[in-house]
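> Counted the way this note's numbering counts, the sequence shown spans residues -7 to 656.
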Amino acid sequence: MSTPTRWAVLGPGGIAHRFASQLPFADAQLTAVGGSPTAGGQERARAFAEEFAALSDGGAFVGDYDAVLARDDVDAVYVSTVHVTHARLALAAIRAGKHVLCEKPFAPNNGSVMAVVDAARASGVNVLEAYMYAHHPQTQKLLDLVRSGAIGTVQHVDASFAFATGAKQGRLYDADLAGGGILDVGGYPVSAAYLVASAALGRPAAVQEFSAQGTVGETGVDEWATASIVFAGGVTAAVRTGVALSDPQTITVYGSAGRIHLPDPWTILGDTRVVLTRPGAEPEEFAFDPELPENKAYALEAKALVGDDTPAFTLDDTLAVNAVLDRWRAEIGLRYPFETDTADIPTVSGLPLRRTEPTAMKYGRIPGLDREVSRLVMGCDNQPDLAHASAIFDAFVEAGGNTFDTAWLYGSGKYEKLLGRWMANRGNRDDLNIIVKGCHTPHCDPESLTRQLFESFERQGHEHADIYMMHRDNEDIPVGEFVDVLDEHAAAGRITVYGGSNWSTARVDEANEYARKNGKRPFSVLSNHFGLAEAYDVPWAGCRHVTDPASKQWLSERDIALLPWSSQARGFFARANPEDRSDAELVRCYYSEANFERKARAEKLGRELGVPATAIALAFVLAQPFQVFALFGPRTIAEARSSMTGLGVELDEQQVAWLDLREG
-7 MSTPTRWAVL GPGGIAHRFA SQLPFADAQL TAVGGSPTAG GQERARAFAE EFAALSDGGA
53 FVGDYDAVLA RDDVDAVYVS TVHVTHARLA LAAIRAGKHV LCEKPFAPNN GSVMAVVDAA
113 RASGVNVLEA YMYAHHPQTQ KLLDLVRSGA IGTVQHVDAS FAFATGAKQG RLYDADLAGG
173 GILDVGGYPV SAAYLVASAA LGRPAAVQEF SAQGTVGETG VDEWATASIV FAGGVTAAVR
233 TGVALSDPQT ITVYGSAGRI HLPDPWTILG DTRVVLTRPG AEPEEFAFDP ELPENKAYAL
293 EAKALVGDDT PAFTLDDTLA VNAVLDRWRA EIGLRYPFET DTADIPTVSG LPLRRTEPTA
353 MKYGRIPGLD REVSRLVMGC DNQPDLAHAS AIFDAFVEAG GNTFDTAWLY GSGKYEKLLG
413 RWMANRGNRD DLNIIVKGCH TPHCDPESLT RQLFESFERQ GHEHADIYMM HRDNEDIPVG
473 EFVDVLDEHA AAGRITVYGG SNWSTARVDE ANEYARKNGK RPFSVLSNHF GLAEAYDVPW
533 AGCRHVTDPA SKQWLSERDI ALLPWSSQAR GFFARANPED RSDAELVRCY YSEANFERKA
593 RAEKLGRELG VPATAIALAF VLAQPFQVFA LFGPRTIAEA RSSMTGLGVE LDEQQVAWLD
653 LREG
């Protein structure tokens, strides 16, 4: 006989009542109830514990969230508080070693969702987002019919979850609590469309096109919204949600040979049927008695959390769906006050930001800088908003990263502002190395350099660049004029060390010869393209690479640190295929027999070491005989983690030569 799972409920609201009512069908007992530390919160928690006393062995403990999570007699936690507290409580439960079933959404924005998923994957506990309908047999029947081809080729999904609340008050109309339809119930139709498209394609569905409309009311939340989705592979979807307008809460899937309709797909309280209709045949109905134990959706998700099988809604599904919800809100211009790009956004956990020890990060020194420099450098040009940037930047710092790269040109200043606001929120500017780049074509002259430097300082909210690099060179201007102005800023304390990005090795030599003769500071850094894949062209005009043998020899002979961009060849080691020539830039810059042989060797060595080829490509860069600090620009925390696996790979000289086709 199995031992019952001991559950704690955090947030004794309406949906928690429905969850607890089905715990008897999940081989579970209620051990504790957590409420907010206010008198009212504790009173509601006590009332909840008394109502479900029959589920407890001697009565459930009642206390605040911290007290509940500290208990040894709690195996799993159900988080059902308001949206804005989900992530912090889920992370606290993960740290406490509890399995976590967290109501949707994990967090109001995808940046925070990524942080929860990242912590979940690093932990030894199970974590699920509570889309209980996905675990119900009627949903699984729908997906089985799609996979079997019962309606031919799936073409379109129509799904809606909307209702009219009446009075515009309470949490659903509170922007500070992330109210509105999209985050409250919009995830249901989006997730269903995603699951159906994935079942039809036989692989995780990717959004190819997205458009949306909606109404944001005077309270600052979305009252009614619609979206159109095109998944890769051709499946389309129309989804609707709202809290101020009623709509039939159904899902219908259309295929080339019929349709499947669910009249009650979400709450699963009444008309639980799957109706299959095909031309020339009587409709087929598959009914699911809601009174049977095997048809209790909340019990099924509770069992899925602690079971060994792959759950019906995974963390990968969570990331995909919440990314769509972010796009939906962005399309209709909905940003909550607590997540704007000027807001004081704390860490998702609410805890102070600090490096996790021990760290896998490696460090080096750049002549002239007092602070050590992380061998991985975070590029700041792929962040859509402050919440997203904060989550990724926090993860990088926790992993040991301390160096950030940005430029005056990127996003017309947006990314510098995001970096500056994040540093202000964390109060950590003095702990970091900040790379500032400016002087990009067509404004590549000493006057523009100075103007852009001060503009970068204003955007970032500080007055110092640890490393400054000219973003391009202008060989029509004598190199000494650039050295003079850079040295002037360095003497004034605005720059510590400087150099060039996309400069030829010959011009760097010329600049340093001028500096030597005139008592100026020399270039000590260079940022050109470098990596395992040899570059035959560059993606942008004015770019330069140092992947050729002569440049590698030059780097070995100079006391200049290399900060290479595209060190993983813009995805070549992750996705390049000789038969796939759809990415013209990738083909133009990297496709060759030699590079595909390098890729094959990276894959072979990666299999031997248990890491992806991208990690081998990064390890190759870091194993050079000269100082290298690789720039990378992850769009997600998962991408950052994947890249950072390369830090744990130590390549010897023989392996480096073999990867670079120089063996023997």
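Glycine residues also receive a C-beta, built at the ideal position from the N, C-alpha and C atoms.
DSSP on Ser248, reduced to helix/strand/coil?
Position 256 of the sequence shown holds residue 248. Coil at Ser248, not helix or strand.
> Could you tell me which of Gly371, Asp176, Pro255 sits nearest to Val235, measuring between CA atoms?
Here residue 235 refers to the residue found at position 243 of the sequence shown. Closest by alpha carbon: Asp176.
> Report the rounded CA-to-CA distance for Met(-7) versus Lys295, giving the unit in angstroms.
Walking along the sequence shown from the start, residue -7 turns up at place 1. Walking along the sequence shown from the start, residue 295 turns up at place 303. Here Met(-7) scores only 47 on pLDDT, less than 50, and its place in the model should not be relied on; the value that follows carries that caveat. Rounded to the nearest angstrom, the two C-alpha atoms are 15 Å apart.
> What first and last residue would you give for the alpha helix (DSSP H) that runs through Asn101?
For this step, residue 101 is matched to residue 109 along the sequence shown. First-last for Asn101: undefined, no H or E at that position.
> So is Glu585 buried or exposed if we call it buried at 16+ other beta carbons inside 10 Å?
Sequence index remark: in the sequence shown, residue 585 carries index 593 (1-based). Classification of Glu585: exposed, given that the 10 Å Cβ count is below 16.
> Assuming Ser152 is part of the beta strand (DSSP E), what are its boundary residues?
Taking the sequence shown and counting its residues from 1, one reaches residue 152 at position 160. 146 to 156 is the span of the beta strand (DSSP E), which, as asked, contains Ser152.
> Given a cut-off of 8 Å on the beta-carbon distance, is the pair Ala197 and Tyr186 in contact?
Counting from 1 along the sequence shown, the entry for residue 197 is found at position 205. Counting from 1 along the sequence shown, the entry for residue 186 is found at position 194. Yes, Cβ-Cβ distance for Ala197 and Tyr186 is below 8 Å.
> In angstroms with no decimal places, state the Cα-to-Cα distance between Asp318 and Asn102.
Here residue 318 refers to the residue found at position 326 when the sequence shown is read from its first residue. Here residue 102 refers to the residue found at position 110 when the sequence shown is read from its first residue. Those two C-alpha atoms are separated by around 6 Å.
> Measuring straight from C-alpha to C-alpha, what distance separates Gly55 and Ser48?
By 1-based counting over the sequence shown, the position of residue 55 is 63. By 1-based counting over the sequence shown, the position of residue 48 is 56. Approximately 15 Å between the Cα atoms of the pair.
> On the criterion of 16 or more Cβ atoms from any shown chain inside 10 Å, does Trp532 qualify as buried, or is it exposed?
As a position in the sequence shown, residue 532 is number 540, starting the count at 1. By the 10 Å Cβ count, Trp532 comes out exposed.
> Three-state secondary structure (DSSP) at Arg464?
In the sequence shown, counting from the first residue as 1, residue 464 sits at position 472. If DSSP states are grouped into helix, strand and coil, Arg464 belongs with coil.
> Buried or exposed, going by whether 16 or more other CB atoms sit within 10 Å of the CB of Ile174?
Within the sequence shown, residue 174 is the residue found at index 182, counting from 1. Per the 10 Å Cβ criterion, buried.
> Just to confirm, are Gly598 and Ala607 a CB contact at a threshold of 8 Å?
Numbered from its first residue, the sequence shown carries residue 598 at position 606. Numbered from its first residue, the sequence shown carries residue 607 at position 615. Taking 8 Å as the Cβ cut-off, Gly598 and Ala607 qualify as a contacting pair.
> Starting from the C-beta of Ser548, find all residues in its chain whose C-beta is less than 7 Å away, skip the five residues before and the five after it, and write them out in chain order.
Taking the sequence shown and counting its residues from 1, one reaches residue 548 at position 556. If we look at Ser548 and ignore the five residues flanking it on each side, its Cβ neighbours are Pro617, Phe618.
> What is the DSSP secondary structure of His91, counted as helix, strand or coil?
On the sequence shown, residue 91 is found 99 positions in, with the first residue counted as 1. Of the three classes helix, strand and coil, the one that applies to His91 here is strand, per DSSP.
> Helix, strand or coil for Lys409, going by three-state DSSP, please let me know.
Taking the first residue of the sequence shown as 1, we reach residue 409 at position 417. Of the three classes helix, strand and coil, the one that applies to Lys409 here is helix, per DSSP.
> Which word fits Ile469, buried or exposed, when buried means at least 16 other C-beta atoms lie within 10 angstroms of its C-beta?
Sequence index remark: in the sequence shown, residue 469 carries index 477 (1-based). Result: exposed.
> Could you pull the DSSP bridge partners for Ile7 from this structure?
Here residue 7 is taken as the residue at index 15 of the sequence shown, counted from 1. BP columns for Ile7 are empty, so no partner.
> Quick one: Cα of Val538 to Cα of Phe449, how far?
To locate residue 538, count along the sequence shown from 1; it is residue 546. To locate residue 449, count along the sequence shown from 1; it is residue 457. Going from the Cα of Val538 to the Cα of Phe449 covers about 30 Å.
> Alpha carbon to alpha carbon, how far is Gly656 from Asn569?
Stepping through the sequence shown from its first residue, residue 656 is reached at position 664. Stepping through the sequence shown from its first residue, residue 569 is reached at position 577. Reliability of the predicted coordinates at Gly656 is poor, the pLDDT of 49 falling under 50, and the value obtained from them is presented with this limitation in mind. Cα to Cα, the separation comes out at about 28 Å.
> I need the straight-line Cα distance from Arg627 to Ala31, nearest angstrom please.
Taking the first residue of the sequence shown as position 1, residue 627 is located at position 635. Taking the first residue of the sequence shown as position 1, residue 31 is located at position 39. Using only the alpha carbons, I get a separation of about 43 Å.
> Is DSSP giving Arg418 helix, strand or coil here?
By 1-based counting over the sequence shown, the position of residue 418 is 426. Looking at Arg418 - three-state DSSP - the assignment turns out to be helix.
> Please state whether DSSP places Arg232 in a helix, a strand or coil.
As a first step, residue 232 is located in the sequence shown; it is residue number 240 there, counting from the start. Of the three classes helix, strand and coil, the one that applies to Arg232 here is strand, per DSSP.
> How about Ser635 and Leu614: are their beta carbons less than 8 Å apart?
As a first step, residue 635 is located in the sequence shown; it is residue number 643 there, counting from the start. As a first step, residue 614 is located in the sequence shown; it is residue number 622 there, counting from the start. No, the Cβ-Cβ distance between Ser635 and Leu614 is not below 8 Å.
> Which whole-angstrom value describes the C-beta separation of Ala189 and Val227, a residue pair presumed to lie in contact below a C-beta threshold of 8 Å?
Counting from one through the sequence shown, the residue named residue 189 turns up at place 197. Counting from one through the sequence shown, the residue named residue 227 turns up at place 235. About 4 Å; that satisfies the 8 Å criterion.
> At which residues does the beta strand (DSSP E) containing Leu317 begin and terminate?
Numbered from 1 along the sequence shown, position 325 holds the residue referred to as residue 317. Looking at the DSSP string, Leu317 is not in any beta strand (DSSP E); the run it does join, the alpha helix (DSSP H), is 307 to 323.
> For the beta strand (DSSP E) that Phe474 lies in, which residues bound it at each end?
To locate residue 474, count along the sequence shown from 1; it is residue 482. Looking at the DSSP string, Phe474 is not in any beta strand (DSSP E); the run it does join, the alpha helix (DSSP H), is 471 to 483.
> Which of the three DSSP states is assigned to Met124 in this structure?
As a first step, residue 124 must be located in the sequence shown, where it is residue number 132. DSSP places Met124 in helix when its eight states are reduced to three.
> Pull up the distance between the alpha-carbon of Pro338 and that of Ala184, whole angstroms please.
Within the sequence shown, numbered from 1, the residue matching residue 338 stands at position 346. Within the sequence shown, numbered from 1, the residue matching residue 184 stands at position 192. Pro338 and Ala184: Cα-Cα distance of roughly 32 Å.
> Would you report the Cα separation of Val208 and Met353, rounded to the nearest angstrom?
Working through the sequence shown from its first residue, we reach residue 208 at position 216. Working through the sequence shown from its first residue, we reach residue 353 at position 361. If I take the Cα positions, the gap works out to 44 Å.
> Between Val149 and Val1, is the Cβ-Cβ spacing less than 8 Å?
In the sequence shown, the residue the question calls residue 149 occupies position 157. In the sequence shown, the residue the question calls residue 1 occupies position 9. No, these two residues do not count as a Cβ contact at 8 Å.
> Among Ile427, Tyr506, Val76, Gln200, which residue has its Cα nearest to the Cα of Phe621?
Working through the sequence shown from its first residue, we reach residue 621 at position 629. The option with the nearest alpha carbon to Phe621 is Ile427.
> So, under 8 Å CB-CB, Tyr125 and Ile252 are touching, yes? Tell me the CB distance rounded to an integer number of Å.
Here the question's residue 125 lines up with position 133 in the sequence shown. Here the question's residue 252 lines up with position 260 in the sequence shown. About 15 Å; that fails the 8 Å criterion.
> Between the segment 118 to 133 and the segment 89 to 104, do three or more beta carbon pairs fall short of 8 Å?
Result yes; three or more Cβ-Cβ pairs closer than 8 Å.
> Following the continuous beta strand (DSSP E) through Ser287, name the residue where it begins and the one where it ends.
Locating residue 287 in the sequence shown gives position 295, where the first residue counts as 1. A small fix is needed here, since residue 287 is Asn in this sequence, not Ser. Looking at the DSSP string, Asn287 is not in any beta strand (DSSP E), and its letter there is neither H nor E.
> Nearest-angstrom Cα distance between Asp644 and Leu651?
As a first step, residue 644 must be located in the sequence shown, where it is residue number 652. As a first step, residue 651 must be located in the sequence shown, where it is residue number 659. For Asp644 and Leu651, the distance between alpha carbons rounds to 11 Å.
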